[in-house]
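Following the numbering used here from start to finish, the sequence shown increments by one per residue and tops out at 249. We put the beta carbon where it would ideally sit given N, CA and C, even for glycine. Notes to accompany the following structure.
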Amino acid sequence: MPSSSNYRHYIKASAAAADAASVCCAIGLIALIILMTSTNDAVTDEPVRGIMSQLVDRPCEEIYIVGDGETLHSISEKCGDPYIVERNPHVHDPDDVFPGLVLKIVPSTSMLSIRHR
133 MPSSSNYRHY IKASAAAADA ASVCCAIGLI ALIILMTSTN DAVTDEPVRG
183 IMSQLVDRPC EEIYIVGDGE TLHSISEKCG DPYIVERNPH VHDPDDVFPG
233 LVLKIVPSTS MLSIRHR
(Lines of atoms letter the chains of each structure in order from A and count residues from 1; the text may use other names and numbers.)
(Lines give C-alpha, C1' and ligand atoms only; values in the text may rest on other atoms or scores of the structure.)
Protein backbone atom coordinates (compact mmCIF):
# COMPACT_ATOMS: atom_id res chain seq x y z
CA MET A 1 0.00 0.00 0.00
CA PRO A 2 1.46 3.39 -0.96
CA SER A 3 2.29 5.77 1.80
CA SER A 4 0.09 8.78 2.37
CA SER A 5 2.95 11.20 1.58
CA ASN A 6 3.41 9.60 -1.86
CA TYR A 7 -0.33 9.80 -2.44
CA ARG A 8 -0.40 13.51 -1.47
CA HIS A 9 2.56 14.17 -3.75
CA TYR A 10 0.74 12.40 -6.61
CA ILE A 11 -2.42 14.50 -6.00
CA LYS A 12 -0.42 17.75 -5.90
CA ALA A 13 1.41 16.84 -9.11
CA SER A 14 -1.88 15.97 -10.83
CA ALA A 15 -3.47 19.23 -9.69
CA ALA A 16 -0.45 21.21 -10.92
CA ALA A 17 -0.60 19.46 -14.30
CA ALA A 18 -4.34 20.16 -14.58
CA ASP A 19 -3.77 23.83 -13.71
CA ALA A 20 -1.02 24.11 -16.32
CA ALA A 21 -3.25 22.49 -18.94
CA SER A 22 -6.10 24.88 -18.07
CA VAL A 23 -3.82 27.90 -18.43
CA CYS A 24 -2.54 26.63 -21.80
CA CYS A 25 -6.09 26.06 -23.04
CA ALA A 26 -7.16 29.52 -21.88
CA ILE A 27 -4.20 31.17 -23.62
CA GLY A 28 -4.87 29.17 -26.78
CA LEU A 29 -8.55 30.13 -26.74
CA ILE A 30 -7.74 33.82 -26.28
CA ALA A 31 -5.20 33.66 -29.11
CA LEU A 32 -7.77 31.99 -31.36
CA ILE A 33 -10.40 34.64 -30.57
CA ILE A 34 -7.93 37.44 -31.30
CA LEU A 35 -6.87 35.76 -34.53
CA MET A 36 -10.46 35.29 -35.70
CA THR A 37 -11.47 38.88 -34.95
CA SER A 38 -8.44 40.38 -36.65
CA THR A 39 -8.77 38.56 -39.99
CA ASN A 40 -9.36 40.64 -43.09
CA ASP A 41 -13.04 40.48 -44.04
CA ALA A 42 -12.36 41.81 -47.55
CA VAL A 43 -11.77 38.27 -48.75
CA THR A 44 -15.32 37.19 -47.85
CA ASP A 45 -17.12 40.40 -48.85
CA GLU A 46 -16.99 39.83 -52.60
CA PRO A 47 -18.52 36.34 -52.71
CA VAL A 48 -21.30 37.45 -50.37
CA ARG A 49 -22.01 40.46 -52.54
CA GLY A 50 -22.13 38.18 -55.58
CA ILE A 51 -24.62 35.86 -53.92
CA MET A 52 -26.71 38.78 -52.67
CA SER A 53 -26.84 40.37 -56.12
CA GLN A 54 -28.02 37.06 -57.59
CA LEU A 55 -30.78 36.88 -54.99
CA VAL A 56 -31.81 40.48 -55.61
CA ASP A 57 -31.78 39.98 -59.39
CA ARG A 58 -34.10 36.99 -59.21
CA PRO A 59 -37.42 38.01 -60.75
CA CYS A 60 -39.54 35.68 -58.58
CA GLU A 61 -39.28 33.52 -55.52
CA GLU A 62 -39.33 29.74 -55.89
CA ILE A 63 -42.80 29.68 -54.32
CA TYR A 64 -45.07 32.17 -56.08
CA ILE A 65 -48.54 33.27 -54.96
CA VAL A 66 -50.79 34.39 -57.80
CA GLY A 67 -52.08 37.95 -57.50
CA ASP A 68 -55.17 39.71 -58.89
CA GLY A 69 -55.33 39.82 -62.69
CA GLU A 70 -52.35 37.52 -63.25
CA THR A 71 -52.37 34.70 -65.78
CA LEU A 72 -49.99 31.79 -66.21
CA HIS A 73 -48.67 33.52 -69.31
CA SER A 74 -47.95 36.79 -67.48
CA ILE A 75 -46.34 34.91 -64.57
CA SER A 76 -44.27 32.83 -66.99
CA GLU A 77 -42.94 35.97 -68.69
CA LYS A 78 -42.39 37.81 -65.42
CA CYS A 79 -40.55 34.93 -63.73
CA GLY A 80 -38.83 33.39 -66.74
CA ASP A 81 -40.36 29.94 -66.23
CA PRO A 82 -41.95 28.53 -69.40
CA TYR A 83 -42.89 25.24 -67.67
CA ILE A 84 -45.18 26.42 -64.87
CA VAL A 85 -48.00 24.01 -65.76
CA GLU A 86 -45.66 21.01 -65.92
CA ARG A 87 -44.11 21.83 -62.53
CA ASN A 88 -47.47 22.34 -60.84
CA PRO A 89 -49.62 19.22 -61.28
CA HIS A 90 -52.32 20.72 -59.03
CA VAL A 91 -53.13 23.20 -61.84
CA HIS A 92 -55.55 21.16 -63.93
CA ASP A 93 -56.75 23.98 -66.19
CA PRO A 94 -54.19 26.64 -67.21
CA ASP A 95 -57.05 29.12 -67.73
CA ASP A 96 -58.36 28.61 -64.19
CA VAL A 97 -55.78 30.63 -62.24
CA PHE A 98 -57.03 32.58 -59.24
CA PRO A 99 -55.50 34.96 -56.66
CA GLY A 100 -53.88 33.06 -53.82
CA LEU A 101 -52.97 30.01 -55.91
CA VAL A 102 -49.49 28.79 -54.93
CA LEU A 103 -47.11 27.89 -57.77
CA LYS A 104 -43.62 26.43 -57.90
CA ILE A 105 -41.41 28.63 -60.08
CA VAL A 106 -37.99 27.66 -61.49
CA PRO A 107 -36.62 30.47 -63.67
CA SER A 108 -34.67 29.15 -66.63
CA THR A 109 -31.10 30.42 -66.88
CA SER A 110 -31.51 31.29 -70.55
CA MET A 111 -34.51 33.49 -69.77
CA LEU A 112 -32.59 35.25 -67.00
CA SER A 113 -29.58 35.90 -69.23
CA ILE A 114 -31.82 37.37 -71.94
CA ARG A 115 -33.57 39.53 -69.37
CA HIS A 116 -30.27 41.01 -68.06
CA ARG A 117 -28.92 42.10 -71.45
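With respect to V229, I207 sits close: the two C-beta atoms are nearer than 9 Å. Approximately 5 Å separates the beta-carbon atoms of D213 and I237; this is inside 8 Å, confirming the contact. The bridge partners DSSP lists for V234 are I197. When rounded, the separation of the alpha-carbon atoms in E194 and M168 is 36 Å. For H205, the uninterrupted alpha helix (DSSP H) segment begins and ends at L204 to C211. Here P231 is near E202, since their CB atoms are less than 9 Å apart. The alpha-carbon separation between I165 and A147 amounts to approximately 27 Å. In the structure shown, V223 falls within a coil segment according to DSSP collapsed to helix, strand and coil.
Within the same chain, Cβ atoms closer than 6 Å to the Cβ of V198 are found at V229, P231 and L233, the five residues on either side in sequence being excluded. The three-state secondary structure of S146, taken from DSSP, is helix.
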